[in-house]
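See below for the structure under consideration.
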Amino acid sequence: MKLTHLSSASIAFASSMLATGIVVSYPEVIPGPGLPGLADIGVTSAQLYVMELPSTSAKILARFQPYCGPAEQAYANVKNIVACYHYLNKLGHTQCTVSAGWSEFCFSGNGKITGFAYGEASQSSYCSDVAHAVLYTIDHCTRPDQSVAGLQAANGNGNLIVSSVNRKWDGHRP
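This is the structure in structure tokens:
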């Protein structure tokens, strides 16, 4: 009986030692072209992955009908999209600009955040307003399997459409 007790205790101790020695790695968060790097804003990819989301749902002030998906291939791991949300939100009043067609704002793991200038050649919004669109998609389009995809306008700008989708998906014109 003592041997069983000792064996259980030894296994528990060894397991706890292994648990404390495990190193967690996170996908790299990659800013879009022209946006500040992570070091420029004093944050690491790991920090972006462990930050908590705000407790309230994003309310968007823009005239655009948001939607989820729109295709199965568009879905990405929600954790990757959340990390990009945190990056864009930390940029605050930095401008996220779409010159023509699509612009890339953030990549991480299998997720990406892009913007489309709807109806005009160029659009710009604060990156924190782009982040609000990402948060809306996270709140309204995340499936039970923890994948997410969707499009929503940047807060206050119905002509800058933000997609939160899989990095490999390119059928994202609204």
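Mapped onto mature numbering (1 follows the signal peptide of the UniProt record, and there is no 0), the consecutive letters of the sequence shown carry residue numbers -19 to -1, 1 to 155. Even glycine gets a Cβ: it sits at the ideal position worked out from N, Cα and C. Keep in mind the model is a prediction, meaning the values are calculated, not measured.
Task: Sub-8 Å separation of cysteine 87 and cysteine 65 beta-carbons - done: yes
Task: Residue environment, aspartate 21, which counts as buried when at least 16 other CB atoms sit within 10 Å - done: exposed
TODO: Consult DSSP for asparagine 61 and reduce its assignment to one of helix, strand or coil.
DONE: helix
Task: Residue span of the beta strand (DSSP E) that contains glutamine 133, given as start and end - done: 131 to 135
Task: Element boundaries [beta strand (DSSP E), containing threonine 95] - done: 92 to 98
Task: Alpha-carbon spacing of glycine 96 relative to threonine 78, whole angstroms - done: 8 Å
- [ ] Would you decide whether alanine 57 is buried or exposed? Buried here means 16 or more other CB atoms lie within 10 Å of its CB.
- [x] buried
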